[in-house]
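Residue numbers (this note's numbering): 1 to 144.
Note that CB positions come from ideal geometry on N, CA and C, so glycine has one too.
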């Protein structure tokens, strides 16, 4: 059965999930596809981290745009503020369901900020010392 489940994982992922779910509900751990199950669990955690990284980097980029891109800010302000609000909401939703990722985000924040700042420096000039702390950037009323 183990090899059947392993093959099913590659052929029909959704059906594989249903089979694994049934086996777990029945506490039938014989012939379980442990290798793929553990890989999928790892991928789920990594997926949440990737989403958090992406939302945070986009949030930082839009804050920097609002704060420093003077030639575009009048025309784009409202749209950028909507994006900032949406990115914050997405980050907060992930953290609400995965509270332990707050430590991950705090550990990664400086690198994410540097990446966002480096990308935005290609579009407009800003001071070298433009860092905004994570607590401030996550405040609902902060837009740069």
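Item                                                                                                          : Value
Beta-carbon separation (whole angstroms), residue 133 vs residue 61, contact threshold 8 angstroms            : Actually they are not in contact, since the Cβ atoms of residue 133 and residue 61 sit about 16 angstroms apart, beyond 8 angstroms.
Beta-carbon proximity of residue 91 to residue 56, cut-off 9 angstroms                                        : yes
Reference residue 50; option with closest CA among 13, 28, 95 and 14                                          : 95
Distance, residue 135 Cα to residue 105 Cα                                                                    : 11 angstroms
Member of 11, 142 and 17 whose CA lies at the smallest distance from the CA of residue 81                     : 142
Backbone secondary structure at residue 69 - three-state DSSP                                                 : coil
Closest by C-alpha distance to residue 68, when choosing among 117, 138, 16 and 6                             : 117
Assigned secondary structure, residue 1 (DSSP; H/G/I helix, E/B strand, else coil)                            : Residue placement at residue 1 cannot be trusted, given a pLDDT of 47 that sits under 50; what the coordinates show is reported in the next sentence. It is coil, neither helix nor strand.
Inter-stretch contact at 8 angstroms, needing at least 3 Cβ pairs: the region 34 to 44 / the region 96 to 115 : no
Exposure label - residue 52; buried when at least 16 CB within 10 Å                                           : buried
Per-residue burial, residue 137 [other beta carbons within 10 Å of its own, 16 or more giving buried]         : buried
Per-residue DSSP class, three states only, for residue 125                                                    : coil
CB of residue 15 within 9 angstroms of CB of residue 33, strictly                                             : no
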